[in-house]
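Number of protein chains: 4
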Amino acid sequence: MNTFINDQIESFKERNQNRGRLLVSCPDKPGIVSAISKFLFSHSANIIESSQYSTDPEGGIFFIRIEFECPNLKEKATELEQQFAEIAQQFEMEWKLTHVYQIKKVAIFVSKELHCLLELLWEWQSGDLMADIALVISNHEEARDVVEGLNIPFYYIPANKDIREQVEEEQLKLLKEYEIDVIVLARYMQILTPKFVAANPNKIINIHHSFLPAFIGARPYERAYGRGVKLIGATSHYVTNDLDEGPIIEQDISRVDHRDDVDRLKKIGRAVERSVLARAVKWHLEDRIIVHQNKTIVF
Amino acid sequence: MNTFINDQIESFKERNQNRGRLLVSCPDKPGIVSAISKFLFSHSANIIESSQYSTDPEGGIFFIRIEFECPNLKEKATELEQQFAEIAQQFEMEWKLTHVYQIKKVAIFVSKELHCLLELLWEWQSGDLMADIALVISNHEEARDVVEGLNIPFYYIPANKDIREQVEEEQLKLLKEYEIDVIVLARYMQILTPKFVAANPNKIINIHHSFLPAFIGARPYERAYGRGVKLIGATSHYVTNDLDEGPIIEQDISRVDHRDDVDRLKKIGRAVERSVLARAVKWHLEDRIIVHQNKTIVF
Amino acid sequence: MNTFINDQIESFKERNQNRGRLLVSCPDKPGIVSAISKFLFSHSANIIESSQYSTDPEGGIFFIRIEFECPNLKEKATELEQQFAEIAQQFEMEWKLTHVYQIKKVAIFVSKELHCLLELLWEWQSGDLMADIALVISNHEEARDVVEGLNIPFYYIPANKDIREQVEEEQLKLLKEYEIDVIVLARYMQILTPKFVAANPNKIINIHHSFLPAFIGARPYERAYGRGVKLIGATSHYVTNDLDEGPIIEQDISRVDHRDDVDRLKKIGRAVERSVLARAVKWHLEDRIIVHQNKTIVF
Amino acid sequence: MNTFINDQIESFKERNQNRGRLLVSCPDKPGIVSAISKFLFSHSANIIESSQYSTDPEGGIFFIRIEFECPNLKEKATELEQQFAEIAQQFEMEWKLTHVYQIKKVAIFVSKELHCLLELLWEWQSGDLMADIALVISNHEEARDVVEGLNIPFYYIPANKDIREQVEEEQLKLLKEYEIDVIVLARYMQILTPKFVAANPNKIINIHHSFLPAFIGARPYERAYGRGVKLIGATSHYVTNDLDEGPIIEQDISRVDHRDDVDRLKKIGRAVERSVLARAVKWHLEDRIIVHQNKTIVF
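Residue numbers (full-length UniProt numbering), protein chains in the order written: chain G, 1 to 299; chain P, 1 to 299; chain Y, 1 to 299; chain L, 1 to 299.
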């Protein structure tokens, strides 16, 4: 099966060797699109897809995501970066230029419940999640077989709140060793320290098993049952130091009724969690998300 | 147009003169269905629709809703009630026997925003909401024209928290005069006193413009915008003395994104509020709802 | 109520006197965005929103919709058009430059079922549908009261297939007299002649009461019931001379089950029809739709 | 992993050793529920869940599904069947009495695309699909590894239309050998002969990758793309000899737009297919489905 995945990845890189993405946010004023598109045109780049949003036409913030084809992108990468830096300075831009063939390195953290992990692996095997799943870290052994069966390194690092710092040190070391770009908490049931979070700003994606901000914190399905809600939800968000308060990437819900006890809510909820997390991770991998003031713009 | 509504109502009453509904809740044990269905059969009643639910097969609570056709229902009403009372006593039932031809008398309370009121009136005019809309009470004048245009009495009763008791006294008098069965708060922006609520247990249906329990209280759309949610919702519930904490009848959501400012959220939200409230009211009118411990069973 | 609508319309025009929209489609090649944005910048226009799509980066068709603010737009309109025509010629563009303050003139055609008409009028009264509803034409009298109650001219033109041409002549005369931009068939149950359709290309929006291409033609709810589908739908599309085969603008569905007979399907379906048609009309009014080869791009 | 599944299955059987289900359809008349519930009560059975539906209160067909707990169900099985047969005769019932601890034996047929198979296996491993997946049959080798990895027998039987009868003979032999109760076509891309279908009435569940009756037959995503639909769907149905015309069990859709090419439609569609088929299979396994005149009643 891994040969199939590798083939898909190689074919994807090949197809996308000249494909770049430009993400920009800056104070809005006339001329931004003109300057960017002139720059791209001057390098013979063809704009494939472009999305733009302004918080307010007068005095607001301007956001744009452009996907483009540029002949010999690899060779011209440094030149492009340097020249764009000048435009960026002129418009006070925060910006990022990414190369699609450089697929992102992902670490997945998981505990005992495997449904979110399995969904990500499944999408990955189907070629629908273009990433290098570099390793899986877990405080339990449940996931080992399936992960190693796909030739992905699996690290069992027992964790509890008393040894949190030591555990995270070990984790951070692994993240560095594998040059990880993004960390996905696929139902990882440990709280991260501010130090760990600060080391990975807008790089940790979590799935919370409720429709935030309802049922922040522990045991959301039990509380949803207690409240008698008619819909249950899931929320994927970037992790910040405020528990379940980080920028929301995606949410979805499923209908439930009075017959559904807590166990049934959990089963129904799993399907929602799976698809919400998978969409959020996919958008992150495709550089579709810009974080601005604890909110996300998803292009 | 009112002739059309009256015709529809009369035709509905005619068609349903022998149609009854039995709602029961009691401690679960074997023999309940057998006793009820034997009783109905002994009166030549044919069960048209029946739904049942138990919280727990062992030692739980049993709920049932039965809709039946019984020849000469009107004439036999008292007899049926008396005889069923014996079964009810034996099984410690809470129960209710309703006659479908006795359509319910509804009072609608509204403030300035008319979309929920208009939806109810629209469904009513289409014959989709079988009720006697007996009067509309508002603390503003905005709704007068449309309400009186349909020959429904409109009462303008200005309200604010300083004169709450006096206002409610006036309202309660009207509710009594019109023999109101159910009160619909169609975006009525005044808090009701415990006295008013206590006088109308499980008879006041509210629409809250958020996906409860998220954004309890005031200005939910503003807070949803601030939090950057990707879905907005609406919740219809029975009113209790805990603000926005009563038994939830129905909820629904609509997808939003970063481009939607507070005004757009409100516009999108209106469509959700309208349909959620209309469904909740319809279920109540059809005796589909049993309230149990701050939750609803909706059959 | 009409004063309120007029106030809203005037305020909208005032707010949008410098707001323009540019819609372009042309063969894809590098430099298009650069040329357009340079042009806008040279006229001090600020791009507020921009969406782009290409069927294929190599040799495909390029589509863009740009909304912009341009100081003194009214005065500069002719100049802008003339100058842009040169760019358009260079890139072989089909294009359209619209002014947001010039709100579109709409004619609504309706028969006996009023729910779609009522939804449009309701959205219009709420200020959610920014249009000049210039007249309503019907082959029945049912809609007269509600339409005239809003001070909208109502024309009763009886129709059947034997007098189709004469009827359409009368209709076309009215459309011309009122300078109509778009015709909405809000459950107008008459088939239009090729002549009528040809006179109004991509200007007639219909609502079909099924999820096309399922149940093309007459009595879709009856046929949906016969087939035992678990979802029913509605489709809004531009009218072409192939019955129910025109470019689809929007579709949606609602869940049904075995208990729903044809009458219930119709009731459930009405809610879907209403919202699908309203969304389609709104997108058309906002110049969000480009038709390409019997499909729509909706930006 | 299989130990875990076996443990779950054993625990399920243990918990449900006294749980039975009764499915009945017959001409509607008063006294049916009374007779059935009296019968159950006389055997000390407690009704846990009951759903009923009549096509028409007068002269229609009556359907009921009852789930009950009956002490010593195993020992009393024959007695129950014999006694109920008398009631059944009296009311001209078609009926079925099933024992929940007798979990159904399932054969899955699959071709090259594995997503539906994987979903079923995933739900099964999670304990959400209570079945004995007895074997997987495929005309390709793609599924072998994952199937055998779960210790499920895998049979590779190459197939094409020239050797259809011989292939089916082999398949039927296996189905008999494994005492299969239900056959799931999880994207099995071969047409079955009338003989095969006739041998398994209402026992073959298929997933069709469109919202039937739209796009019956081959290449539905290509045709959906061609038509420019805004929603794509999937349909699970029992197989009959009319291609894609069997009784529909479940349908669902997903929103798409102009940017989605055929490949993207297929990817989006896979998620819909997976969940629609899984729900249909689950309902079948739970004896929730009654087929009546090419439609399903799903309780």
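Heads up, the beta-carbon is just placed ideally off N, CA and C, and yes, glycines get one too.
These figures come from a predicted structure and were not determined experimentally.
Just the chain P side, please: which residues come within less than 8 Å of residue i by C-beta, in chain order?
i: Ala271(Y); result: Ser275
i: Glu141(L); result: By Cβ distance, chain P contributes nothing, its closest Cβ being about 41 Å from Glu141(L), past 8 Å.
Below 9 Å on C-beta distance, what does residue i contact in chain Y?
i: Trp122(P); result: His115, Leu118, Glu119, Trp122
Measure the CB-CB distance between residue i and residue j and report whether it falls below 8 Å.
i: Ser236(L); j: Val272(L); result: no
i: Val146(L); j: Leu118(L); result: yes
i: Ile152(P); j: Val136(P); result: yes
i: Gly149(L); j: Gln8(L); result: no
i: Arg187(G); j: Glu142(G); result: no
i: Ile205(P); j: Ala280(P); result: yes
i: Asp261(Y); j: Ala234(Y); result: no
i: His115(Y); j: Arg264(Y); result: no
i: Ile248(Y); j: Val229(L); result: yes
Who are the near neighbours of residue i in its chain, counting only those whose CB is closer than 7 Å to its CB and skipping five residues on each side?
i: Ala88(G); result: Trp95
i: Gln190(L); result: Asn139, Ala159
i: Ala134(G); result: Lys105, Val106, Ala107, Tyr178, Ile180
i: residue 301(G); result: Nothing can be reported for residue 301(G), as the shown portion of chain G is limited to 1 through 299.
i: Arg164(L); result: Thr193
i: Asn182(P); result: Residue identity differs from the one stated: residue 182(P) is Val in this sequence, not Asn. Lys104, Val106, Lys203, Ile205, His284.
Which residues in the same chain have their Cβ closer than 6 Å to the Cβ of residue i, if we skip the five residues on either side of it in sequence?
i: Phe63(L); result: Ser25, Tyr53, Ile290, Ile297
i: Arg65(Y); result: Leu23, Ser51, Phe299
i: Arg223(G); result: Phe215
i: Ala35(L); result: Ile87
Determine, for residue i, whether the minimum Cβ-Cβ distance to residues of chain Y falls below 8 Å.
i: Lys230(L); result: yes
i: His258(L); result: yes
i: residue 316(L); result: Only positions 1 to 299 of chain L appear in this structure, which leaves residue 316(L) out of reach.
Counting contacts by CB-CB distance shorter than 8 Å, is residue i in contact with chain G?
i: Glu75(Y); result: no
i: Pro213(P); result: yes
i: Thr296(P); result: yes
i: Tyr53(P); result: yes
i: Glu49(P); result: no
i: Arg65(P); result: no
Can you name the residues of chain G whose CB is closer than 7 Å to the CB of residue i?
i: Ala45(Y); result: Pro30
What residues in its chain sit with their C-beta under 8 Å from that of residue i, if we drop five residues either side in the sequence?
i: Phe68(L); result: Arg19, Gly20, Arg21, Leu22, Leu40, Ala45, Asn46, Ile47, Ile48
i: Val197(L); result: Ile204, Val239, Thr240, Asn241
i: Lys287(P); result: In the sequence as presented, Lys is not what sits at residue 287(P); that position holds Asp. Same-chain partners within the cutoff: Arg21, Leu23, Arg65, Lys96, Thr98.
i: Pro194(L); result: Asn241
i: Leu172(Y); result: Phe196, Ala199
Among the options, which has the Cα closest to the Cα of residue i?
i: Asp56(P); options: Ile180(P), Lys29(P), Arg264(P); result: Lys29(P)
i: Lys74(Y); options: Lys13(Y), Glu165(Y), Ile207(Y); result: Lys13(Y)
i: Trp124(L); options: Glu250(L), His208(L), Ile249(L), Ile5(L); result: Ile5(L)
i: His208(L); options: Gly226(L), Leu192(L), Pro201(L), Leu185(L); result: Leu185(L)
i: Leu175(Y); options: Asp162(Y), Tyr155(Y), Arg164(Y); result: Tyr155(Y)
i: Arg144(L); options: Ser111(L), Pro27(L), Val167(L); result: Ser111(L)
Indicate whether at least one CB of chain L lies closer than 8 Å to the CB of residue i.
i: Lys282(Y); result: no
i: Ser254(P); result: no
i: Asn18(P); result: no
i: residue 308(Y); result: Residue 308(Y) is absent from the structure shown; chain Y starts at 1 and stops at 299.
Chain P beta carbons: is any one of them nearer than 8 Å to that of residue i?
i: Asp7(Y); result: no
i: Lys13(L); result: no
i: Tyr221(G); result: no
Check the Cβ of residue i against every Cβ in chain Y and list those closer than 7 Å, keeping chain order.
i: Lys267(P); result: Asp128
Using a Cβ cut-off of 7 Å, pull out every chain P residue sitting near residue i, in sequence order please.
i: Asp41(L); result: A small correction: the amino acid at residue 41(L) is Phe; Asp does not occupy that position in the sequence shown. Near Phe41(L) (Cβ distances below 7 Å), the residues of chain P are Pro30, Gly31, Ser34.
Find the residues of chain L that neighbour residue i, judging by a C-beta separation of less than 7 Å, and give them in chain order.
i: Lys38(P); result: Ser34, Lys38
Given that residue i touches chain Y, what residues does it touch there, using C-beta distances under 8 Å?
i: Gln166(L); result: Those do not exist, as Gln166(L) stays about 35 Å from chain Y at its closest Cβ, beyond 8 Å.
Determine the chain P residues that contact residue i at a beta-carbon separation under 9 Å, and present them in chain order.
i: Ile248(G); result: Arg227, Gly228, Val229, Lys230
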